[in-house]
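Chains as they are written, first to last, in UniProt numbering: chain A, 1 to 151; chain B, 1 to 151.
For glycine and all other residues, C-beta sits at the position ideal for the given N, C-alpha and C.
Just so it is clear, the structure is predicted and the values come from calculations on it, not from any experiment.
Let me begin by presenting the structure, written as structure tokens, before commenting on it.
Number of protein chains: 2
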Amino acid sequence: MTNHAPFMAEALAQAQKSYDEGGLPIGAVMVENGAVIARGHNRRVQDGDPTAHGEMACLRAAGRRPRYDGVTLYTTLSPCMMCAGTIVQFGIPRVVIGEAENFHGNEAFLRENGVEVIRLDDPGCTDLMARFIREKPTLWDEDIAGNDPAS
Amino acid sequence: MTNHAPFMAEALAQAQKSYDEGGLPIGAVMVENGAVIARGHNRRVQDGDPTAHGEMACLRAAGRRPRYDGVTLYTTLSPCMMCAGTIVQFGIPRVVIGEAENFHGNEAFLRENGVEVIRLDDPGCTDLMARFIREKPTLWDEDIAGNDPAS
Numbered sequence: 001m002t003n004h005a006p007f008m009a010e011a012l013a014q015a016q017k018s019y020d021e022g023g024l025p026i027g028a029v030m031v032e033n034g035a036v037i038a039r040g041h042n043r044r045v046q047d048g049d050p051t052a053h054g055e056m057a058c059l060r061a062a063g064r065r066p067r068y069d070g071v072t073l074y075t076t077l078s079p080c081m082m083c084a085g086t087i088v089q090f091g092i093p094r095v096v097i098g099e100a101e102n103f104h105g106n107e108a109f110l111r112e113n114g115v116e117v118i119r120l121d122d123p124g125c126t127d128l129m130a131r132f133i134r135e136k137p138t139l140w141d142e143d144i145a146g147n148d149p150a151s
Numbered sequence: 001m002t003n004h005a006p007f008m009a010e011a012l013a014q015a016q017k018s019y020d021e022g023g024l025p026i027g028a029v030m031v032e033n034g035a036v037i038a039r040g041h042n043r044r045v046q047d048g049d050p051t052a053h054g055e056m057a058c059l060r061a062a063g064r065r066p067r068y069d070g071v072t073l074y075t076t077l078s079p080c081m082m083c084a085g086t087i088v089q090f091g092i093p094r095v096v097i098g099e100a101e102n103f104h105g106n107e108a109f110l111r112e113n114g115v116e117v118i119r120l121d122d123p124g125c126t127d128l129m130a131r132f133i134r135e136k137p138t139l140w141d142e143d144i145a146g147n148d149p150a151s
């Protein structure tokens, strides 16, 4: 059985890095054959790119590949509809989510489309995101265009 | 009533530009208040970025904004699940699609989520995409990870 904690810790380190840069603290890592093969964090502020959510930045960092069989995507926050759609389009079979308290995300959509979803309810992920939302509510609202679908 | 043809012609020009660069010939433009405010085309080959579909590249080019009310996104090809999810997450109210013959896309998902969808069945869009798929089927398969959801 996979121990998710070390991989989620790497995703959270990405989130913390983004927070420290003044950006949105959401991070992701891609794992294959028991090893991290790509890392990413939200880059809206850093690059002025609205599509650069943590999961998307991680997929970019992983580069081109024909398929995603055997890949697990770790993300500190439950995926928005952009990121959930991306996971489904590319056939990523498994997603491990840090928390879904600060954003409900689209776990039901992922499951309906055959993705295995594991939510850790990680207090470290929850606390950092909650702190950011308290500090910069307008920036958070912009990142999701005010749209938090009920999971 | 909006004349969609000039805007779709601009999206197709983006697709042609990408084709000429050796990339996937899918283009998009964003229109607001009757004017094109951003352009983009698929950049998988050009940038080695699997998330850079035409619609995503156009959204990046448009930069940061809090909301997308009043925006129309023109795309030469029916949106994949990544791009459809993005349109829904950011609340883009209207999408004009060049064609859905070469890829069925996710029109039903868009409509179910309140997006107005207009499909032009534009022969110029269809012909360029069909030509590309004949010439480079493996690259096309990679771009959608082999996954064409029925619309």
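Range of the contiguous alpha helix (DSSP H) that encloses residue i
i: A/VAL45; result: 44 to 47
i: A/ALA11; result: 5 to 20
i: A/VAL82; result: Looking at the sequence itself, residue 82 of chain A is Met, so the reference to Val does not match. Where A/MET82 is concerned, the enclosing alpha helix (DSSP H) stretches over 81 to 89.
i: A/MET129; result: 123 to 135
i: A/ARG111; result: 107 to 112
Rounded separation between residue i and residue j - CA only
i: B/ALA15; j: B/LEU128; result: 8 Å
i: B/ILE97; j: B/TYR19; result: 19 Å
i: A/ASP122; j: A/PRO6; result: 12 Å
i: A/ASN42; j: B/ARG131; result: 36 Å
i: A/ALA13; j: B/ARG119; result: 44 Å
i: A/GLY114; j: A/GLU21; result: 35 Å
i: A/LYS136; j: B/THR138; result: 44 Å
i: B/ARG39; j: B/GLU10; result: 8 Å
i: A/THR76; j: B/THR2; result: 42 Å
i: B/SER151; j: B/GLY105; result: Low confidence applies to B/SER151: its pLDDT is 47, below 50, so where it sits in the model is not reliable, and the reading given next is rough at best. If I take the Cα positions, the gap works out to 5 Å.
Inter-residue CB distance, residue i and residue j (contact presumed, cutoff 8 Å)
i: A/THR126; j: A/GLU99; result: 4 Å
i: B/PHE109; j: B/ALA145; result: No, B/PHE109 and B/ALA145 are not in contact; Cβ-Cβ is about 17 Å, not under 8 Å.
i: A/MET82; j: A/CYS58; result: Actually they are not in contact, since the Cβ atoms of A/MET82 and A/CYS58 sit about 13 Å apart, beyond 8 Å.
i: A/ARG94; j: A/GLU116; result: 4 Å
i: B/PRO79; j: B/GLU55; result: 6 Å
Where the beta strand (DSSP E) through residue i begins and ends
i: A/LEU77; result: 71 to 77
i: A/GLY54; result: Counting along the chain, A/GLY54 falls outside any beta strand (DSSP E), though it belongs to the alpha helix (DSSP H) covering 54 to 62.
i: A/ILE118; result: 116 to 119
i: A/ARG39; result: 35 to 41
i: A/MET30; result: 27 to 32
i: A/GLU99; result: 94 to 99
Residue of the options minimising C-alpha distance to residue i
i: A/ALA102; options: A/ASP148, A/GLU10, A/MET8, A/ASN42; result: Sequence inspection shows Asn at residue 102 of chain A; the Ala mentioned does not correspond to that position. Comparing Cα-Cα distances from A/ASN102 to each of A/ASP148, A/GLU10, A/MET8, A/ASN42, the minimum goes to A/ASP148.
i: A/HIS4; options: A/GLU21, A/ALA28, A/ILE87; result: A/ALA28
i: A/GLY63; options: B/ASP69, B/ALA61, B/GLY91, B/THR51; result: B/THR51
i: A/TYR74; options: A/LYS136, A/ASP141, A/GLU142, A/GLU32; result: A/GLU32
i: A/ALA35; options: A/GLN46, A/TRP140, A/GLY70; result: A/GLY70
i: B/GLY23; options: B/MET8, B/ILE92, B/ARG44; result: B/ARG44
i: B/GLY91; options: A/ILE92, A/GLU142, A/ILE87; result: A/GLU142
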